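Colleague: Residues are numbered in the numbering used here as their position in the sequence shown, beginning at 1, plus a constant of 6. Heads up, the beta-carbon is just placed ideally off N, CA and C, and yes, glycines get one too. Here the structure is a predicted model, which is why all the values come from computation and not from measurement.
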Amino acid sequence: MPLFSQENEGVNFDKKYHQDSIKTWTKNILDIMQKGHPGFYRYTSKEEFDVIIDARLQTVTDSLTTLDFYRNIKPLIAQIGCLHTGIALPEAYETAMRETKTHIPLEIFIDENRKVFITKDHAKNVTIPIKGELLSINDTPIDSIIETLLKAIPSDGYNETEKVLALNLRFPFWYQSIIEMTDAFKVKIRSENIIQEYTIQGITPEVFPTQDMIAPTNKEQLVFEVRDNIGVLKIQTFAKTTIKSNGQHFKKFIKDVFKTLEEEEVENLIIDLRYNTGGTDGNAALLASYFFDEEFRYWDRIEVTEQIAGQVSKGMAKIFYSKPEKKDSTYLWKGALLTKEFRYYKPQKPAKYNFKGQTYLLTNGFCMSSAADFIAILSDNKKAKVVGEESAGGYQGNTSGLMPEVIMQGGFVITVPLHKYVNAVDPNKNIGRGTIPDYPVSISLEDWISKKDVVKSFAFDLINK
Numbered sequence: 007m008p009l010f011s012q013e014n015e016g017v018n019f020d021k022k023y024h025q026d027s028i029k030t031w032t033k034n035i036l037d038i039m040q041k042g043h044p045g046f047y048r049y050t051s052k053e054e055f056d057v058i059i060d061a062r063l064q065t066v067t068d069s070l071t072t073l074d075f076y077r078n079i080k081p082l083i084a085q086i087g088c089l090h091t092g093i094a095l096p097e098a099y100e101t102a103m104r105e106t107k108t109h110i111p112l113e114i115f116i117d118e119n120r121k122v123f124i125t126k127d128h129a130k131n132v133t134i135p136i137k138g139e140l141l142s143i144n145d146t147p148i149d150s151i152i153e154t155l156l157k158a159i160p161s162d163g164y165n166e167t168e169k170v171l172a173l174n175l176r177f178p179f180w181y182q183s184i185i186e187m188t189d190a191f192k193v194k195i196r197s198e199n200i201i202q203e204y205t206i207q208g209i210t211p212e213v214f215p216t217q218d219m220i221a222p223t224n225k226e227q228l229v230f231e232v233r234d235n236i237g238v239l240k241i242q243t244f245a246k247t248t249i250k251s252n253g254q255h256f257k258k259f260i261k262d263v264f265k266t267l268e269e270e271e272v273e274n275l276i277i278d279l280r281y282n283t284g285g286t287d288g289n290a291a292l293l294a295s296y297f298f299d300e301e302f303r304y305w306d307r308i309e310v311t312e313q314i315a316g317q318v319s320k321g322m323a324k325i326f327y328s329k330p331e332k333k334d335s336t337y338l339w340k341g342a343l344l345t346k347e348f349r350y351y352k353p354q355k356p357a358k359y360n361f362k363g364q365t366y367l368l369t370n371g372f373c374m375s376s377a378a379d380f381i382a383i384l385s386d387n388k389k390a391k392v393v394g395e396e397s398a399g400g401y402q403g404n405t406s407g408l409m410p411e412v413i414m415q416g417g418f419v420i421t422v423p424l425h426k427y428v429n430a431v432d433p434n435k436n437i438g439r440g441t442i443p444d445y446p447v448s449i450s451l452e453d454w455i456s457k458k459d460v461v462k463s464f465a466f467d468l469i470n471k
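The structure is reproduced here in structure tokens:
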């Protein structure tokens, strides 16, 4: 990789750090996370985690490059089981990586049997068969590659729908950062029962879909129509700033939707939440209020660590936040003093135009954070049927809220969420999982390539039957 270093001044991909430094960095990062992160041991006990950390540290027997260190610690952080907890490479490093021709020029789809197929070919020197099954890359079996990537991608609990969808959308980026950074790829592909090997050159990433192309932020985030006496509501995000920047107002829009449903006596409502990665909790809680005709619980409680509780109890923080309440060994967050954020653990009032018909929620592996909370609350209270894939966010809640970034040794940036949200749902259901659909709908390779919306079609068929 010396050529990459020459192409990107200021970033030396070959520079190594002593193994003692690597072990110290790892311990410091995990120590900071553990002290501030109230959900650090939500899915893996301290005893188990200590064993996992020690085992990982024992694998560090030599000096590592920046990228090697990242690949070593990324699965450890993913082990926390928190979508909102992360580590990022130094910004200059990420920029330099994007400028290299080290992205595999293929887009893929992982089906329900974990087979991997080619969906798009961006190779410039050879034609790769679309729909061909990818068997190996640079002599490593694809199932081994996928297993390594799944362990490195963070998700809430043990959820995998988000991880698989992330690979279906961004495989070249994950392969480059976690598996290897090379400019040549030898791929083995099975097509029409014939296995062939191809050598393809790496490319820069401009041809791949951006995050904005996957879930556009520059168009209407809220869309509603009544089709054949069926209400169809698309909510791309709950984020107040994104909705406002596109000239929409969530509270008014949603009120008009449910007023229309009542006036037109619509009996069935489809809410499409696919690719809704969350946003403003107040908007999600407000939407939930339209499905209840009496007071209801949204969150059960919010927890913080002892360290965060101590910081809030002194200094400037006292002006903005209430002092957390200690209950047994837990510190309960009591919210902000001047705003309504964090207040949704209190009983919630029903909205005026509450919907009494049948509701269907369309979900996939990118339903996260507040979107996942909303789905869990409606599902647990039997206010809706869930159609599609398991949601990415935890059924029992997530850890997010205030999420400061800390720059560590080597320029790595870690994100540590400070609030553990516990949803007001059955505490014994879907532990470590998202909301499991009432009607699971699998997407086939053909559906993915043709962009056929089999999930929405399934919901319409349910209603019409």
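Can you look up E231 in the DSSP assignment and give me helix, strand or coil?
Modeller: If you number the sequence shown from 1, residue 231 lands on position 225. E231 falls in the strand class under three-state DSSP.
Colleague: Exposed or buried, P8, counting other C-beta atoms within 10 Å across all chains shown (16 or more means buried)?
Modeller: Start at 1 with the first residue of the sequence shown, and residue 8 comes out as number 2. Because the pLDDT of P8 is 31, which lies under 50, any placement of that residue in the model is unreliable, and the number read from its coordinates should be weighed accordingly. Classification of P8: exposed, given that the 10 Å Cβ count is below 16.
Colleague: According to DSSP, F244 sits in a beta bridge with which residue or residues?
Modeller: Within the sequence shown, numbered from 1, the residue matching residue 244 stands at position 238. Answer by DSSP bridge pairing, in chain order: G285.
Colleague: What residues match up with H109 in a beta bridge as DSSP calls it?
Modeller: The residue you call residue 109 lines up with position 103 of the sequence shown. Paired residue(s): I209.
Colleague: Just to confirm my understanding: we take N50, look at its own chain, exclude 5 residues before and 5 after, and list those with CB closer than 8 Å. What are they?
Modeller: The residue given as residue 50 occupies position 44 in the sequence shown. The sequence shown places Thr at residue 50, not Asn. Counting only Cβ-Cβ distances below 8 Å, and skipping sequence neighbours, we find I58, Q85, I86 and G87.
Colleague: In the structure shown, what three-state DSSP assignment does R176 receive?
Modeller: Taking the first residue of the sequence shown as 1, we reach residue 176 at position 170. R176 falls in the helix class under three-state DSSP.
Colleague: Hey, quick one: how far does the beta strand (DSSP E) through Y366 stretch, first residue to last?
Modeller: For this step, residue 366 is matched to residue 360 along the sequence shown. Element bounds for Y366: Q364 to T369.
Colleague: Among residues of its own chain, excluding the 5 on either side of H425, which ones have a beta-carbon nearer than 8 Å to its beta-carbon?
Modeller: The residue labelled residue 425 in the question sits at position 419 within the sequence shown. Within the same chain, H425 has close Cβ partners P44, I308, E309, V310, W339, F348, T405, S406, G407 and L408.
Colleague: With DSSP as the reference, label T65 as helix, strand or coil.
Modeller: In the sequence shown, residue 65 corresponds to position 59, counting from 1. T65: coil per DSSP, three-state reduction.
Colleague: Check this for me: beta carbons of S376 and L89, under 9 Å apart or not?
Modeller: Numbered from 1 along the sequence shown, position 370 holds the residue referred to as residue 376. Numbered from 1 along the sequence shown, position 83 holds the residue referred to as residue 89. Cβ distance not < 9 Å, so S376 and L89 don't count as in contact.
Colleague: Nearest to R303 by CA position, among N78, K324, K352 and V460, is which residue?
Modeller: In the sequence shown, counting from the first residue as 1, residue 303 sits at position 297. Of the listed residues, the one whose Cα sits closest to R303 is K352.
Colleague: Per DSSP, what kind of secondary structure is L70 in: helix, strand or coil?
Modeller: Mapped onto the sequence shown, residue 70 falls at position 64. Strand, per DSSP.
Colleague: Is the Cβ-Cβ distance between G138 and F123 less than 9 Å?
Modeller: Locating residue 138 in the sequence shown gives position 132, counting from the first residue. Locating residue 123 in the sequence shown gives position 117, counting from the first residue. Closer than 9 Å, so yes.
Colleague: From this set, D117, V170, I38 and K41, which residue's C-alpha is nearest S448's C-alpha?
Modeller: Residue 448 sits at position 442 when you count from the first residue of the sequence shown. Minimum Cα distance to S448 is reached at D117.
Colleague: My parser needs the beta strand (DSSP E) runs of 3 or more residues fully inside the segment 126–170; what are they?
Modeller: You should have 139–143.
Colleague: By the three-class DSSP mapping on this structure, what secondary structure does E411 have?
Modeller: Your numbering for residue 411 matches position 405 in the sequence shown. DSSP places E411 in strand when its eight states are reduced to three.
Colleague: Assign Y164 to buried or exposed, taking buried as 16 or more other Cβ atoms, counted over all protein chains shown, within 10 Å of its Cβ.
Modeller: Position 158 of the sequence shown, counted from the start, is the residue given in the question as residue 164. Exposed.
Colleague: Are the CB atoms of L384 and A294 nearer to each other than 9 Å?
Modeller: The count along the sequence shown starts at 1 and reaches residue 384 at position 378. The count along the sequence shown starts at 1 and reaches residue 294 at position 288. Yes.
Colleague: Mark Q12 as exposed unless 16 or more other C-beta atoms lie within 10 angstroms of its C-beta, in which case mark it buried.
Modeller: Residue numbering aside, residue 12 sits at position 6 when the sequence shown is read from its first letter. Note that Q12 has pLDDT 35, beneath the 50 cutoff, so the model's placement of it is unreliable and the number below is only indicative. Classification for Q12: exposed.
Colleague: If the criterion is Cβ atoms closer than 9 Å, does the pair N370 and Q402 meet it?
Modeller: Here residue 370 refers to the residue found at position 364 when the sequence shown is read from its first residue. Here residue 402 refers to the residue found at position 396 when the sequence shown is read from its first residue. Contact: no.
Colleague: If we ignore side chains and look at the alpha-carbon of each, how far apart do E268 and L292 end up?
Modeller: Position 262 of the sequence shown, counting from 1, holds the residue named residue 268. Position 286 of the sequence shown, counting from 1, holds the residue named residue 292. Straight-line Cα distance between these residues: approximately 17 Å.
Colleague: What's the C-alpha gap between F197 and P135?
Modeller: Position 191 of the sequence shown, counting from 1, holds the residue named residue 197. Position 129 of the sequence shown, counting from 1, holds the residue named residue 135. For the record, residue 197 in the displayed sequence is Ser; it is not Phe. Roughly 7 Å separates the two Cα atoms.
Colleague: Return the bridge partner residues of F115 from the DSSP annotation.
Modeller: The residue you call residue 115 lines up with position 109 of the sequence shown. According to DSSP, which records beta bridges pairwise, F115 is partnered with F123.
Colleague: Reducing DSSP to helix, strand and coil, say where Q85 ends up.
Modeller: Looking up residue 85 in the sequence shown gives position 79. Q85: coil per DSSP, three-state reduction.
Colleague: Just to confirm before moving on: does the CB-CB distance between I209 and K258 stay below 9 Å?
Modeller: Looking up residue 209 in the sequence shown gives position 203. Looking up residue 258 in the sequence shown gives position 252. No. Outside cutoff.
Colleague: What residues in its chain sit with their C-beta under 8 Å from that of A98, if we drop five residues either side in the sequence?
Modeller: Here residue 98 corresponds to residue number 92 of the sequence shown, with the count starting at 1. Excluding sequence neighbours, A98 sits near G16, V17 and G417.
Colleague: Could you say which of K121, D432 and H24 lies nearest to N387 if we only look at CA atoms?
Modeller: Here the question's residue 387 lines up with position 381 in the sequence shown. Out of K121, D432 and H24, D432 has the C-alpha closest to the C-alpha of N387.
Colleague: Under a Cβ-count criterion, where at least 16 other Cβ atoms within 10 Å of its own Cβ denotes burial, should G253 be classed as buried or exposed?
Modeller: Taking the first residue of the sequence shown as 1, we reach residue 253 at position 247. So G253 counts as exposed.
Colleague: Between D306 and N360, is the Cβ-Cβ spacing less than 9 Å?
Modeller: If you number the sequence shown from 1, residue 306 lands on position 300. If you number the sequence shown from 1, residue 360 lands on position 354. Contact: no.
Colleague: Who are the near neighbours of Y76 in its chain, counting only those whose CB is closer than 6 Å to its CB and skipping five residues on each side?
Modeller: Position 70 of the sequence shown, counted from the start, is the residue given in the question as residue 76. L95.
Colleague: Kindly indicate the opening and closing residues of the beta strand (DSSP E) around I93.
Modeller: Along the sequence shown, one-based indexing puts residue 93 at 87. Unbroken beta strand (DSSP E) run through I93: G92 to A94.
Colleague: Are the Cβ atoms of L224 and F256 separated by less than 9 Å?
Modeller: As a working note, residue 224 is residue 218 in the sequence shown. As a working note, residue 256 is residue 250 in the sequence shown. The sequence shown places Asn at residue 224, not Leu. Contact flag unset, no.
Colleague: Under DSSP, the alpha helix (DSSP H) around W454 begins and ends at which residues?
Modeller: Numbered from 1 along the sequence shown, position 448 holds the residue referred to as residue 454. First-last of the alpha helix (DSSP H) with W454: L451 to S456.
Colleague: Could you tell me the boundaries of the alpha helix (DSSP H) in which S197 lies?
Modeller: Along the sequence shown, one-based indexing puts residue 197 at 191. Element bounds for S197: not the alpha helix (DSSP H) but the beta strand (DSSP E), A190 to S197.
Colleague: Is the number of C-beta pairs between the segment 224–233 and the segment 315–330 that are closer than 8 Å three or more?
Modeller: Counting Cβ pairs under 8 Å, fewer than three are found: no touch.
Colleague: Closest to L73 by C-alpha separation, out of D60, Y47, A102 and R48, would be which residue?
Modeller: Locating residue 73 in the sequence shown gives position 67, where the first residue counts as 1. Selected option, being the one with the closest Cα: A102.
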